[in-house]
Every structure is written in structure tokens, then in C-alpha cells.
Amino acid sequence: MSAPAILTSGEIKALSAKTLEARSLSYSPYSKFRVGAALITLDGTYVQGANVENASYGACICAEQTAIVKAVTAGHRHFTAIGVASSAGTYTSPCGICRQVLREFAPNILIYMFAEDGTFVMEPLTAMLPRSFGPEDLDVIRE
Ligand SMILES: O=c1ccn([C@H]2C[C@H](O)[C@@H](CO)O2)c(=O)[nH]1
Ligand SMILES: [Zn+2]
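For the sequence shown, our numbering gives the first residue as 544, with consecutive numbering after it.
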């Protein structure tokens, strides 16, 4: 497994803009908590996602999961970083289910949590989901 690539300041700026912008795609009439996410693929493509809620609350889909599903179904399976931001404007941390969904495709992904002004806190997924369970535990080599 290769080490995660640290982003340049230019890449962080672009990621911040894409992430904060993605919040406008949120459908969140119930929580009114608008979350945006932006993935960077290995080839440098940005894929945005936002939370999509449902009247049956348990069916709500997080922004990070929307971004992963969009990216994977567009043919991307390798990611270097994800940005997350919310309408709270403070650092928003991916929930446990999102961490597990990210882990499937990007065990070394860097998670940038952006505040309204573009400042961020960054943690690698390995720190946010230690001793994680993944494809290798089922003897599956990810394609
Ligand atoms: O990691 C997270 C945590 C929460 N939400 C969404 C789900 C729900 O729509 C709203 C309130 O939990 O925030 C995300 O999009 N990502
Ligand atoms: Zn989540």
C-alpha cells in the first residue's frame, strides 16, 4: 500500500472551493444541515457529493457516500483525498458509516474538514478508523 500523497497548497485551495460549493447540492429539508463533499481521484478529477435526505429518515444518504457512489459509477476507484464541509461552517467530521464506505476504496485517503473560511483540519482515514475491516479480511483483492 503506497503512502498517501500530501496535497499542495493549490490542490487544497481547489478542494476547499469544490467542497464548500458542493453544499449547494444538498437536499436536506429535515435536518437543514447541508453537507458537501469533494473527492480527488488518482488522475486529479474532482467528484462532488451532497447529503440527500428522505421523509423516511433512516434512508438519508450522507454527502461522502454520494460522492463515492458517483465517482465509482463514473469509473474511478482510487482516491487521494476528500473534503467535507457543512452549513454549520465549522469542521464537520465524517460519520462512522462514511468512514467505512471510504475505507473500501481508499484506506489511506486524507480527510480535509473545511470551515467556512477555508481553514481546515486534516486527518488520514487510518487515524479516524483504526484497525479497520476491509476487502482483504474477506480475502478479496479489490479490482
Ligand atoms: O458524515 C456525515 C454526517 C452527516 N451527514 C448528513 C446526514 C444528514 O442528512 C445530516 C444530519 O445528520 O447530515 C453527512 O452528509 N455526512
Ligand atoms: Zn456519513
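The beta carbon of each residue, even a glycine, is placed where N, CA and C say it ideally should be.
Heavy atom of ligand 2 within 7 Å of glutamine 608 beta-carbon: Yes, since a heavy atom of ligand 2 falls inside the 7 Å radius drawn around the Cβ of glutamine 608.
Rounded separation between lysine 556 and glutamate 659 - CA only: If you draw a straight line from the Cα of lysine 556 to the Cα of glutamate 659, it is about 13 Å long.
8 Å Cβ cutoff met for phenylalanine 622 and alanine 649: A Cβ-Cβ contact shorter than 8 Å links phenylalanine 622 with alanine 649.
Counted within 10 angstroms of its Cβ, other Cβ atoms place serine 559 as buried (16 or more) or exposed: Per the 10 Å Cβ criterion, buried.
Residue closest to leucine 681, alpha-carbon to alpha-carbon, out of Pro667, Thr588, Glu647 and Ile652: Distances from the CA of leucine 681 to each of Pro667, Thr588, Glu647 and Ile652 were compared; the closest alpha carbon is that of Glu647.
Residues bridged to valine 497 (per DSSP): Beyond the ends of the chain as shown, which are 544 and 686, falls residue 497; an answer cannot be given.
Pick from Thr584, Ala565 and Leu563 that is closest to leucine 550, judged by C-alpha positions: In terms of Cα proximity to leucine 550, the closest of Thr584, Ala565 and Leu563 is Thr584.
Sequence-distant residues of its chain with Cβ nearer than 8 Å to glycine 677 (five each side left out): If you ignore the 5 residues before and after glycine 677, its C-beta comes within less than 8 Å of the C-beta of Arg646, Glu647 and Pro650, all in its own chain and listed in chain order.
Separation of lysine 561 from phenylalanine 574, as counted between CA atoms: Looking at the sequence shown, residue 574 is not phenylalanine but serine. Going from the Cα of serine 574 to the Cα of lysine 561 covers about 22 Å.
For serine 629, the three-state DSSP class (helix, strand or coil): Strand.
Sub-8 Å separation of threonine 609 and valine 595 beta-carbons: By the CB criterion at 8 Å, threonine 609 and valine 595 fall inside the cutoff.
Residue span of the beta strand (DSSP E) that contains proline 578, given as start and end: For the record, residue 578 in the displayed sequence is valine; it is not proline. Boundaries of the beta strand (DSSP E) around valine 578: 578–584.
Nearest-angstrom beta carbon gap, glycine 592 and alanine 606 [assumed within contact, 8 Å]: Contact flag correct, Cβ pair sits at about 5 Å.
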